[in-house]
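Novice:
Number of protein chains: 2
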Amino acid sequence: MGVTIKEIAKLAGVSPSTVSRALTDAHYVDLETAERVKTIAKQLGYRPNALARGLVQRKSMAIGLIIPEIENPFYSEIVSGVERIATQRGYGVVVISGHSANGEQEVRALLGRQVDGIIHAGVYRTDTALPNLRAEGVPVVLLGRKLPGFMSDCVVANDRDASVQLTTYLIQLGHTRIAYIFGKNVSSGSTEKLAGYKEALEAAGIPVHPELVEHGDLEFHGGHRAAQKLLALNPPPTAILAGNDFMALGAREAILEAGLRIPEDISLAGFDDILFSSMKGIELTTAAVPRSKMGQLGAELLIKKIEQPDAEQIEQIILEARIVRRNSCGPAR
Amino acid sequence: MGVTIKEIAKLAGVSPSTVSRALTDAHYVDLETAERVKTIAKQLGYRPNALARGLVQRKSMAIGLIIPEIENPFYSEIVSGVERIATQRGYGVVVISGHSANGEQEVRALLGRQVDGIIHAGVYRTDTALPNLRAEGVPVVLLGRKLPGFMSDCVVANDRDASVQLTTYLIQLGHTRIAYIFGKNVSSGSTEKLAGYKEALEAAGIPVHPELVEHGDLEFHGGHRAAQKLLALNPPPTAILAGNDFMALGAREAILEAGLRIPEDISLAGFDDILFSSMKGIELTTAAVPRSKMGQLGAELLIKKIEQPDAEQIEQIILEARIVRRNSCGPAR
DNA sequence: CTGTTAGCGCTTTCAT
DNA sequence: ATGAAAGCGCTAACAG
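Below is the structure:
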């Protein structure tokens with residue numbers, strides 16, 4: 000077992016309460032005894048028991064982080080950002096990859112662990128857990144998404160605007176038959192991007208063909224499949240915009256497998272700017288979303304909400320995406 | 000505040016202990032009262048307080064996971080595997096990306112949170128925390144690495160053998176001037192791979208030129224830099240083996256930037272088989288390490304050690320890597 | 001089968 | 001400035 004405050008108290012010839020005060024330097028303690036206590040604590044290798052402390056203070060100094068899949072660079076960088084800030088501020092991060100239908104399980108698990116707040120970047124069909132969470136008074140920050148009908152603190156990218164920019168760029172290159180690989184209904188980012196795509200098309204007076212919109216499920220293989228379907232169209236699109244780089248990369252595979260060249264035969268663009276999008280031979284045009292930054296801001300916002308529960312106003316931080324033009328887009332044939 | 004066991008007890012007309020028993024169904028409880036208690040608990044939305052439970056049981060049902068950088072797909076997939084199994088078994092995962100010099104900080108933070116065990120995939124210059132950990136009696140599983148002079152349960156890939164295979168393959172293709180991009184001294188995997196590289200070379204009667212071994216620090220940019228140096232050699236190598244795919248991909252950039260072709264002018268291989276290594280246009284020959292599997296096995300092993308502290312023997316699980324031949328290696332010119 | 005008692009390690013009034 | 005006492009929510013003997 001670990002060293003307890005009691006043992007230190009005995010050795011220092013003081014009461015446990017004094018040791019507690021000396022170690023947390025909260026209250027008035029004689030400087031000399033405080034020093035003595037600290038020295039003994041260090042000698043003994045004392046480590047405060049976070050469980051005990053959390054129990055009495057009703058504060059675990061832990062935050063929960065819910066994400067759909069950590070293998071996805073988009074999310075792993077978010078985790079990285081969250082983790083950095085949290086650690087820096089003394090909070091632990093309990094990570095849960097969510098796969099339940101509505102997020103209830105994940106939230107319950109986290110709440111059971113008495114986390115002080117939750118950063119929610121999960122994607123669920125119907126998110127029933129969030130409103131309950133609100134009722135419980137647990138601070139929540141939504142990351143990378145908004146939930147329709149649920150006002151909440153959040154950190155999101157300006158997906159719609161990025162989508163408008165990307166689509167407009169494609170139109171300027173002379174494309175009119177532009178396909179869109181949609182992510183998921185449940186992801187607000189996907190919806191926003193689709194809206195941006197349509198908005199840009201309409202602004203240019205180009206009709207929106209439903210057949211040009213395919214589902215890709217945000218995954219590499221989804222993008223692959225979607226592109227295959229799109230290429231089978233008659234006539235096929237001359238440009239494809241995918242809801243994230245993962246799907247774009249999947250689409251890229253399908254395009255190359257079909258013996259087509261990028262961008263000579265078909266233009267391709269995505270969202271996120273993951274590391275591999277910049278690699279030689281890939282060079283995907285995309286919208287760069289500052290993922291790590293999102294995580295950091297999310298953590299900072301959550302901790303602020305935790306430590307200042309009085310502040311009533313909701314904060315929504317919107318990060319602008321930056322369009323990165325590489326070699327995957329060219330003039331329409 | 001959440002619902003407590005006391006309130007349930009009052010409503011059910013029984014004592015808190017009975018509630019506790021009914022809910023954890025550990026001991027003999029009248030079936031009828033048990034049902035009544037459970038119903039009330041559900042109605043009230045009772046959620047056991049893990050802090051309180053952990054305090055008395057001296058078991059937090061949480062494990063710590065230390066990794067160098069979660070953005071790296073190698074590690075993020077390990078996290079994924081660990082997380083899956085842990086969640087499945089009722090454990091929470093506290094993730095820490097370690098950046099301290101010796102891992103002390105990370106371990107302290109985790110121990111303070113009373114984790115029941117630690118999965119350690121960190122990479123430190125001098126790892127002073129581990130031996131102390133052993134002394135504390137906290138179960139530890141090393142993941143992807145061994146620590147010299149520290150026998151421990153671990154899950155590792157057979158790096159040396161994979162390296163021998165890869166190097167031998169290159170030799171069979173006619174290469175004799177094979178460069179190696181080394182990872183980090185502190186990573187046992189790196190050392191093992193270097194040893195395998197040398198072993199294969201010597202077995203073929205090819206001298207090992209120190210100038211052909213460069214440090215790449217396990218990072219993309221390190222691989223890039225290392226390859227630049229290697230290409231400046233006179234004569235340059237005809238093949239480059241990198242300690243991981245990240246560095247190999249970095250090297251790939253440098254090679255292409257130098258106007259050379261892969262594999263016509265120079266062959267390239269790596270380790271890990273991350274998703275992007277398989278992509279069209281990249282098609283990197285590599286040794287596939289089952290990362291998610293490693294994480295899963297690591298978690299299973301740790302939980303076993305946690306739940307059966309009596310079992311004294313040390314288990315070392317060694318996973319064979321699978322060589323994946325793609326198009327980045329060709330015959331020597 | 002169930003209630004009472006005690007206590008996990010720590011913080012926090014309330015006295016002194 | 002410090003100690004005594006109480007209690008956070010829960011479980012674990014120990015009686016009964």
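So the sequence lines, in the order shown, correspond to chains A and B.
Each residue of the first sequence is one higher than the one before, counting from 0 in numbering that gives the first Met the number 0.
Each residue of the second sequence is one higher than the one before, counting from 0 in numbering that gives the first Met the number 0.
We put the CB at the ideal spot given by N, CA and C, even for glycine.
(1) May I have the straight-line CA-CA distance separating V288/A from N101/B, to the nearest angstrom?
(2) Identify every residue that forms a DSSP beta bridge with T284/A.
(3) Could you tell me which whole alpha helix (DSSP H) segments of length 4 or greater appear in the segment 158-195 of chain A?
(4) In whole angstroms, give me the CA-to-CA distance for T284/A and L296/A.
(5) What runs of the beta strand (DSSP E), each 3 residues or longer, lie entirely inside the segment 191-237 of chain A?
(6) If the cut-off is 7 Å on Cβ atoms, which residues from the segment 32-52 of chain B count as contacting chain A, listed in chain order?
(7) If I'm right that L142/B touches I77/B with Cβ under 8 Å, what's the distance once you round it to whole angstroms?
(8) How would you write the range of the beta strand (DSSP E) that S96/A sits in, first residue to last?
(9) Helix, strand or coil, according to DSSP, for R107/A in the structure here?
(10) Tell me which residues share the same chain as L259/B and place their Cβ nearer than 6 Å to its Cβ, disregarding the 5 neighbours each side in the sequence.
(11) With a cut-off of 8 Å, does the C-beta of Q227/B fall near any C-beta of chain A?
(12) Nearest chain A C-beta to S79/B closer than 8 Å, yes or no?
(13) How many angstroms separate the CA atom of I273/B from the CA atom of A225/B?
(14) Beta-carbon of F275/B versus every beta-carbon of chain A: anything under 8 Å?
(15) Let me check understanding here. Comparing Cα to Cα, which of Q42/A, E135/A, L30/A and I65/A lies closest to T3/A?
(16) Cβ atoms of G136/A and R182/A: under 8 Å apart, would you say?
(17) Per the contact definition of three or more C-beta pairs closer than 8 Å, is the segment 113-131 of chain A in contact with the segment 61-68 of chain A?
(18) Exposed or buried, what is D244/B when buried is set at 16 or more other beta-carbons lying within 10 Å of its beta-carbon?
(19) May I ask you to report which of helix, strand or coil DSSP gives G249/A?
(20) Could you pull out every unbroken alpha helix (DSSP H) segment of at least 4 residues lying fully inside the segment 109-159 of chain A, listed in chain order?
(21) Using a Cβ cut-off of 8 Å, pull out every chain A residue sitting near K279/B, in sequence order please.
(22) What does DSSP give as the partner residues of I317/B in its beta bridges?
(23) Listing by chain order, which chain B residues have their CB less than 7 Å from the CB of T127/A?
(24) Name the residues in the segment 137-149 of chain A whose C-beta lies less than 9 Å from a C-beta of chain B; which are they?
(25) Considering just the uninterrupted stretch of the beta strand (DSSP E) at L64/B, what are its terminal residues?
(26) Since L229/A and A268/A should fall inside the 8 Å C-beta cutoff, what is the C-beta to C-beta distance between them, to a whole number of angstroms?
(27) Starting from the C-beta of D158/A, find all residues in its chain whose C-beta is less than 6 Å away, skip the five residues before and the five after it, and write them out in chain order.
(28) Would G222/B and L200/B be called neighbours here (beta carbons separated by less than 8 Å)?
(29) In angstroms, rounded to a whole number, what distance separates the CA positions of E31/B and Q315/A?
(30) With a CB to CB cut of under 8 Å and the five nearest residues on each side skipped, what residues in its chain are close to L109/A?
(31) Going by DSSP in three states, V2/B sits in which element: helix, strand or coil?
(32) Can you pull the chain A residues whose beta carbon is under 8 Å from the beta carbon of G111/B, in chain order?
(33) Strictly under 8 Å for the Cβ-Cβ distance: is G91/A near chain B by that measure?
(34) Which first and last residues belong to the alpha helix (DSSP H) in which L274/A is found?
(35) Helix, strand or coil for V13/A? Go by DSSP, reduced to three states.
(36) Does any residue of chain B bring its CB to less than 8 Å from the CB of P308/A?
Specialist: On the basis of the coordinates in this document:
(1) The residue you call residue 288/A lines up with position 289 of the first sequence. The residue you call residue 101/B lines up with position 102 of the second sequence. For V288/A and N101/B, the gap between their C-alpha atoms comes out near 33 Å.
(2) For this step, residue 284/A is matched to residue 285 along the first sequence. DSSP lists A268/A as partners of T284/A.
(3) With a minimum length of 4 residues, the continuous alpha helix (DSSP H) runs that stay inside the segment 158-195 of chain A are 158-171.
(4) Working through the first sequence from its first residue, we reach residue 284/A at position 285. Working through the first sequence from its first residue, we reach residue 296/A at position 297. So the alpha carbons of these two residues sit roughly 26 Å apart.
(5) Complete beta strand (DSSP E) runs here, min 3: 212-214.
(6) Result list: R46, P47, N48, A49, L50 and A51.
(7) Locating residue 142/B in the second sequence gives position 143, counting from the first residue. Locating residue 77/B in the second sequence gives position 78, counting from the first residue. With a beta-carbon spacing of about 6 Å, L142/B and I77/B fall inside the 8 Å limit used to define contacts.
(8) As a working mapping, residue 96/A is identified with position 97 in the first sequence. Its beta strand (DSSP E) spans residues G91 to S96.
(9) The sequence position of residue 107/A within the first sequence is 108, counting from 1. Collapsing the DSSP output to three states places R107/A in a helix.
(10) Along the second sequence, one-based indexing puts residue 259/B at 260. Here the set comprises I265.
(11) Taking the second sequence and counting its residues from 1, one reaches residue 227/B at position 228. No - not a single Cβ of chain A is within 8 Å of the one on Q227/B.
(12) In the second sequence, counting from the first residue as 1, residue 79/B sits at position 80. Answer yes: the Cβ-Cβ gap between S79/B and chain A drops below 8 Å somewhere.
(13) As a working mapping, residue 273/B is identified with position 274 in the second sequence. As a working mapping, residue 225/B is identified with position 226 in the second sequence. I273/B and A225/B: Cα-Cα distance of roughly 20 Å.
(14) The residue given as residue 275/B occupies position 276 in the second sequence. Under the 8 Å criterion on CB atoms, F275/B is classed as interfacial with respect to chain A.
(15) Looking up residue 3/A in the first sequence gives position 4. Minimum Cα distance to T3/A is reached at Q42/A.
(16) Taking the first residue of the first sequence as 1, we reach residue 182/A at position 183. Taking the first residue of the first sequence as 1, we reach residue 136/A at position 137. Reading off the sequence shown, one finds Gly at residue 182/A, where the question assumed Arg. No, they are not a contact pair.
(17) The answer is yes - the segment 113-131 of chain A touches the segment 61-68 of chain A, with three or more Cβ pairs under 8 Å.
(18) Position 245 of the second sequence, counted from the start, is the residue given in the question as residue 244/B. Buried is the call here.
(19) Locating residue 249/A in the first sequence gives position 250, where the first residue counts as 1. Note: G249/A maps to helix in three-state DSSP.
(20) Qualifying alpha helix (DSSP H) stretches, in chain order: 128-135.
(21) By 1-based counting over the second sequence, the position of residue 279/B is 280. Those within 8 Å of K279/B in chain A are R251, E252, L255 and E256.
(22) Here residue 317/B refers to the residue found at position 318 when the second sequence is read from its first residue. Partner(s): V155/B.
(23) By one-based count along the first sequence, residue 127/A stands at place 128. Annotation: T127/A has no Cβ neighbours in chain B at a cutoff of 7 Å; minimum Cβ distance is about 13 Å.
(24) Of all residues in the segment 137-149 of chain A, none has a Cβ within less than 9 Å of some Cβ in chain B.
(25) For this step, residue 64/B is matched to residue 65 along the second sequence. Looking at the DSSP string, the run of the beta strand (DSSP E) that includes L64/B is A61 to I66.
(26) What you label residue 229/A is simply residue 230 of the first sequence in a count that begins at 1. What you label residue 268/A is simply residue 269 of the first sequence in a count that begins at 1. Not confirmed; about 14 Å, so no contact.
(27) Residue mapping note: residue 158/A aligns to position 159 of the first sequence, counting from 1. The answer, listed in chain order, is G188, E191 and K192.
(28) Taking the second sequence and counting its residues from 1, the one referred to as residue 222/B is at position 223. Taking the second sequence and counting its residues from 1, the one referred to as residue 200/B is at position 201. Going by C-beta atoms, G222/B is not nearer than 8 Å to L200/B.
(29) Here residue 31/B corresponds to residue number 32 of the second sequence, with the count starting at 1. Here residue 315/A corresponds to residue number 316 of the first sequence, with the count starting at 1. Spanning the two alpha carbons is a distance of roughly 50 Å.
(30) Translated into the one-based positions of the first sequence, residue 109/A becomes position 110. The residues are G63, I65, V93, I95 and I117.
(31) Counting from one through the second sequence, the residue named residue 2/B turns up at place 3. Assigned with DSSP and collapsed to three states, V2/B falls in coil, not helix or strand.
(32) In the second sequence, residue 111/B corresponds to position 112, counting from 1. By Cβ distance, chain A contributes R46, P47, N48 and A49.
(33) On the first sequence, residue 91/A is found 92 positions in, with the first residue counted as 1. Among the CB atoms of chain B, one or more fall inside 8 Å of the CB of G91/A.
(34) As a position in the first sequence, residue 274/A is number 275, starting the count at 1. Unbroken run through L274/A: none, as it is neither H nor E.
(35) Walking along the first sequence from the start, residue 13/A turns up at place 14. If DSSP states are grouped into helix, strand and coil, V13/A belongs with coil.
(36) The residue given as residue 308/A occupies position 309 in the first sequence. Taking Cβ atoms only, chain B never reaches closer than 8 Å to P308/A, which makes this a no.
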